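In the working numbering, the protein residues as written are 651 to 815.
Ideal placement from N, C-alpha and C gives every residue a C-beta, glycine not left out.
It should be emphasised that the depicted structure is a prediction, and the values quoted were computed from it without experimental measurement.
Working notes for the structure below.
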Amino acid sequence: MNFARQTSHLLHEEHRANLDLLGRVENALGRAPRGAAAGQDENIIKLLVALRRQVEQDVDRHFVFEETQLFTRMADAGEGDIAGLLREEHEAMRDVAAELMPLLTGATTHTLDDDGWEALRRNALELVERQVAHIQKEEMALLPLLDDLLDDETDRELTFSYSAG
């Protein structure tokens with residue numbers, strides 16, 4: 651997709667990278683052996699390390715940026731319903747991430763038992779499902795709206811702010 655604003659483009663590129671990772675995680679966990687045997691596959695472990703980084707980035711940076719910088723602007727422009735829905739989805743994903751993060755740590759330190767691996771698989775696949783649906787909503791509603799909502803100066807400030815981390 652082509653966006654007129656750099657903020658939209660930046661978030662779109664991040665979404666694309668996340669969708670790629672989420673697809674690989676879903677495929678790998680779907681094919682992986684059940685239980686702790688999954689932890690013997692170094693490719694799965696590498697994907698889980700990447701997933702952990704992505705979850706930390708989304709919850710600690712991406713979600714906060716959207717909530718503090720974008721959703722308020724949307725609400726002020728009369729788009730509070732979609733902003734509220736996206737915020738609720740962030741909260742639901744934070745809940746799943748809170749359960750998933752210690753499991754990801756256990757997987758990458760090879761300390762999960764069979765039950766832990768099954769909980770990881772369940773939570774990771776739930777997060778994948780929620781994130782993919784959420785990203786699709788943002789791509790269809792949030793990003794195009796930002797093109798109309800932001801002026802050049804605000805877009806530049808938001809892009810620099812987000813890029814600076």
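**Prompt:** For residue 788, does the three-state DSSP call read helix, strand or coil?
**Reply:** Counted from its first residue, the sequence shown places residue 788 at position 138. Reduced to three states, the DSSP call for residue 788 is helix.
**Item:** Chain-order list of residues whose beta-carbon lies under 8 Å from that of residue 776 (same chain, five-residue window excluded)
**Value:** One-based indexing of the sequence shown puts residue 776 at position 126. Correct list, in chain order: 746.
**Asked** How should residue 743 be labelled, buried or exposed, when 16 other C-beta atoms within 10 angstroms of its C-beta is the threshold for buried?
**Response** Reading the sequence shown from its first residue, position 93 is the one you call residue 743. Result: buried.
**Message:** If contacts are defined as beta-carbon pairs under 8 Å, then residue 701 and residue 671 qualify, I think. What distance do you get, rounded to the angstrom?
**Reply:** To locate residue 701, count along the sequence shown from 1; it is residue 51. To locate residue 671, count along the sequence shown from 1; it is residue 21. The Cβ separation is near 7 Å, so the contact holds.
**Prompt:** Just how far apart, CA to CA, sit residue 814 and residue 804?
**Reply:** Stepping through the sequence shown from its first residue, residue 814 is reached at position 164. Stepping through the sequence shown from its first residue, residue 804 is reached at position 154. If I take the Cα positions, the gap works out to 15 Å.
**Selected residue, minimal CA-CA separation from residue 727, among 797, 714 and 660** = Working through the sequence shown from its first residue, we reach residue 727 at position 77. Ranking 797, 714 and 660 by Cα distance to residue 727 puts 797 first.
**Request:** Figure out for me which residue from 707, 698, 811 and 705 has the closest Cα to the Cα of residue 759.
**Result:** Position 109 of the sequence shown, counted from the first residue, corresponds to residue 759. Its Cα nearest to that of residue 759, the residue 698 stands out among 707, 698, 811 and 705.
**Asked** Residue ranges of each alpha helix (DSSP H) run of no fewer than 4 residues wholly in the stretch 682-717, ordered along the chain?
**Response** 692-707, all fully within the stretch 682-717.
**Asked** Looking only at its own chain, which residues have a Cβ that is under 6 Å from the Cβ of residue 754, when we skip the five neighbours before and after it?
**Response** Position 104 of the sequence shown, counting from 1, holds the residue named residue 754. Contacts found: 698 and 702.
**Request:** Have a look at 750, 751, 748 and 718 and flag the residue whose alpha-carbon is nearest the alpha-carbon of residue 736.
**Result:** Residue 736 sits at position 86 when you count from the first residue of the sequence shown. That would be 718, whose Cα lies nearest to the Cα of residue 736.
**Prompt:** Whole-angstrom Cβ separation of residue 812 and residue 679, contact assumed at under 8 Å?
**Reply:** Taking the first residue of the sequence shown as position 1, residue 812 is located at position 162. Taking the first residue of the sequence shown as position 1, residue 679 is located at position 29. About 30 Å; that fails the 8 Å criterion.
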